[in-house]
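Here the protein sequences come in this chain order: A and B. -14 is the number of the first residue of the first sequence in the numbering used here; add one for each residue after it. -14 is the number of the first residue of the second sequence in the numbering used here; add one for each residue after it. Ideal placement from N, C-alpha and C gives every residue a C-beta, glycine not left out. Note that the structure is a prediction, hence the values are computed from the model and not measured.
There are 2 protein chains.
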Amino acid sequence: MFEPLGYAPAYLRLSEAIRDRILRRELKEGQALPTETELARQFEVNRSTVREALRKLESSGLVGRRAGGKRLFVTRPTRESVGGGLSQALTLHETRVVDVWEALQAVQPGIARAAALRRSTEALEQLASCARRFAGRRGDREFAVEDVADFFNALGEASDNPVFVLLNEPLLRLLKPSLAVIIDRVPQARARIESAQKHIVDAVRDRDAETAAMWMTRHTRDFRRGYEVACIPLSTEVGQDLGVA
Amino acid sequence: MFEPLGYAPAYLRLSEAIRDRILRRELKEGQALPTETELARQFEVNRSTVREALRKLESSGLVGRRAGGKRLFVTRPTRESVGGGLSQALTLHETRVVDVWEALQAVQPGIARAAALRRSTEALEQLASCARRFAGRRGDREFAVEDVADFFNALGEASDNPVFVLLNEPLLRLLKPSLAVIIDRVPQARARIESAQKHIVDAVRDRDAETAAMWMTRHTRDFRRGYEVACIPLSTEVGQDLGVA
DNA sequence: GCCTGTCTGATTGTCGGACAATAATATGCG
DNA sequence: CGCATATTATTGTCCGACAATCAGACAGGC
Chain A
-14 MFEPLGYAPA YLRLSEAIRD RILRRELKEG QALPTETELA RQFEVNRSTV
36 REALRKLESS GLVGRRAGGK RLFVTRPTRE SVGGGLSQAL TLHETRVVDV
86 WEALQAVQPG IARAAALRRS TEALEQLASC ARRFAGRRGD REFAVEDVAD
136 FFNALGEASD NPVFVLLNEP LLRLLKPSLA VIIDRVPQAR ARIESAQKHI
186 VDAVRDRDAE TAAMWMTRHT RDFRRGYEVA CIPLSTEVGQ DLGVA
Chain B
-14 MFEPLGYAPA YLRLSEAIRD RILRRELKEG QALPTETELA RQFEVNRSTV
36 REALRKLESS GLVGRRAGGK RLFVTRPTRE SVGGGLSQAL TLHETRVVDV
86 WEALQAVQPG IARAAALRRS TEALEQLASC ARRFAGRRGD REFAVEDVAD
136 FFNALGEASD NPVFVLLNEP LLRLLKPSLA VIIDRVPQAR ARIESAQKHI
186 VDAVRDRDAE TAAMWMTRHT RDFRRGYEVA CIPLSTEVGQ DLGVA
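Quick look at the structure:
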């Protein structure tokens, strides 16, 4: 009949107040926050309370510190910060590799399409360089995995769509461990990835959206075959090796 | 030449320590955290430090309070918590409606396909009920928008893929404001949405993945037309009305 | 002029203790 | 046993303190 009348502790209202200011762009990116003491004075709360509020903002990536710095600055959430949150959420939701793979398969062709349509010259060069780096690399499988992830990320950048950029990160992060196993166990994996990347780069260069999407579809389908050949059960849960940096 | 030798303040190491325990499932969902005093004793730090660490965990949705409760419990991040983080990140990355729309268009057909393949009877019923609710509603456009979002969310649930479930939320949240405008300004919008939903529900019922995906493709394409007809510039930035709950 | 060392003030990280409000738990009673 | 009441535990907030260190000023030597 009656809903509980809301009460929010001060540290929460405080962090929301500051967050709104940031989202509203009244506090602009790169700008330094007032000092803790100053915030405490202005909001008329204790510095401890201010600090609790700041920790919340800090962990949503809205404020951060410059390397070796002391004061807090307004920042936009980085790919890593968003990705970290999403991937740890997925970890706790008992996400399986096949779920992540399915999402990747659903979204990557769209990214490839967008990248082909809108890629800038610089983004194309970035993408091509990722592909070259992967192809040129014979060594450690860890590095190879990084290169593959970098390729996808570069494609996301090329699409010039922040949604794609931010979405890519957590998915790749969760797939990396199993991807490493594939590269280890499936002899032809490197060659197939290399070939797919090459075709995708070409299609993106030629602004041929449909071809790019098609190769991306094949590319992701290959991953699934990789799981089977490498004997990784599709129902393996991700993040068991700790989805953390 | 030299990389900075890392130092992390205690509140950070503390929050990471607890977070790892949660991610590693040593602290299971629903379990109560030790009290602040107890944590302070065990980690040999001050309670203030513990509290700062807890605020971080709280805002990543790893711990939370039960309604009207005092103690903290281990929780898995909810759709809302993840969605909030992602959508505020996108807001600060100057995401435009067309970007969100593009992502939606890329991912929704995949979701529809997955839902058609795997939907349970209950999930189908949920989905159908969302469609019925939208169709039956004549009134307020705010409610209509909610219904549309619910439909997408129900489809995500039906796909039984946590990635899709968590991805859907922030995208919809960002689209809602502009969607409201469309429903207001485009007379035939309701009818077209209703029809698309109906076809999708039917396809999902029949486990016809390709038809479901096709109708979803049309459905999302309709949104884009809606933007044009409603004279919403595609480059409008999302979240200007505050991407917050 | 530029680099180096030193000094000073400001700011953060951490601590200890305090207290009111209230949720959680035990206690007593019918 | 169920329910009201008293006790205790726990959180939210405050205050004050201090060491570490970062930022900037300032001077001296090459």
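Around the beta-carbon of GLN93/A, 16 or more other beta-carbon atoms lie within 10 Å, marking it buried. The beta carbon of GLN111/A is closer than 8 Å to those of ALA139, GLU142 and ALA143 in its chain, skipping five residues each way along the sequence. Per DSSP, VAL82/A is one residue of the alpha helix (DSSP H) stretching across 82 to 103. Restricting attention to SER45/B, ALA52/B, ALA17/B and GLY15/B, the CA atom closest to the CA of TYR(-8)/A is found in ALA52/B. Between the alpha carbons of ALA215/B and LEU164/B lies a gap of roughly 10 Å.
Excluding residues up to 5 positions away in sequence, LYS161, LEU164, ALA165 and ILE168 lie with their Cβ nearer than 8 Å to the Cβ of VAL130/B in the same chain. Look at GLY49/B here: in three-state DSSP terms it is strand. At the C-beta level, SER33/A and SER44/B stay beyond 8 Å of one another. DSSP places PHE149/B in the helix class (H, G or I) of the three-state scheme. Under a 10 Å Cβ-count criterion, ASP125/B is classified as exposed, with fewer than 16 other Cβ atoms of the shown protein chains found around its own Cβ. Taking ASN146/A as the centre and dropping the five residues before and after it, the same chain places the C-beta of ALA99 closer than 7 Å to its C-beta, in chain order. LEU47/B and ALA74/A have their C-alpha atoms some 8 Å from each other.
If you compare the alpha carbons of GLU222/A, THR205/A, GLY211/A and ARG210/A with that of ILE96/A, the shortest gap goes to THR205/A. For TYR(-4)/A, the nearest CB of chain B lies under 8 Å from its own CB, placing it at the interface with that chain. Counting of Cβ neighbours within 10 angstroms places THR60/B among the buried residues, the total reaching 16 or more. The beta carbon of GLN27/B sits closer than 8 Å to those of PRO19, all from its chain and outside the five residues before and after it, given in chain order. GLU21/A is positioned such that its CB atom lies closer than 8 Å to that of ARG36/A. Residues of chain B whose Cβ lies closer than 7 Å to the Cβ of PRO62/A are, in chain order, ALA74 and LEU77. Residue pairing by DSSP leaves GLU127/A without any beta bridge partner. Burial of SER72/B is indicated by the presence of at least 16 other C-beta atoms within 10 angstroms of its C-beta. No Cβ of chain A is located within less than 8 Å of the beta carbon of ASN31/B. Counting along the chain, the unbroken beta strand (DSSP E) around PHE58/B starts and ends at 57 to 59. Beta-bridge partners assigned by DSSP to GLU222/B: ARG81/B. When the alpha-carbon of VAL30/B is set against those of ARG10/B, ARG50/B, PRO(-6)/B and ARG158/B, the nearest one is in PRO(-6)/B. Using a Cβ-Cβ cut-off of 7 Å, ILE168/A is close to nothing in chain B; its nearest Cβ partner there is about 23 Å away.
ALA17/B is bridged by DSSP to PHE58/B. Just so you know, the alpha carbons of LYS183/B and PRO218/B end up roughly 29 Å apart.
Here GLN173/A is exposed, its C-beta having fewer than 16 other C-beta atoms within 10 Å. Interface annotation, ARG192/B: not in contact with chain A, CB-CB separation never under 8 Å.
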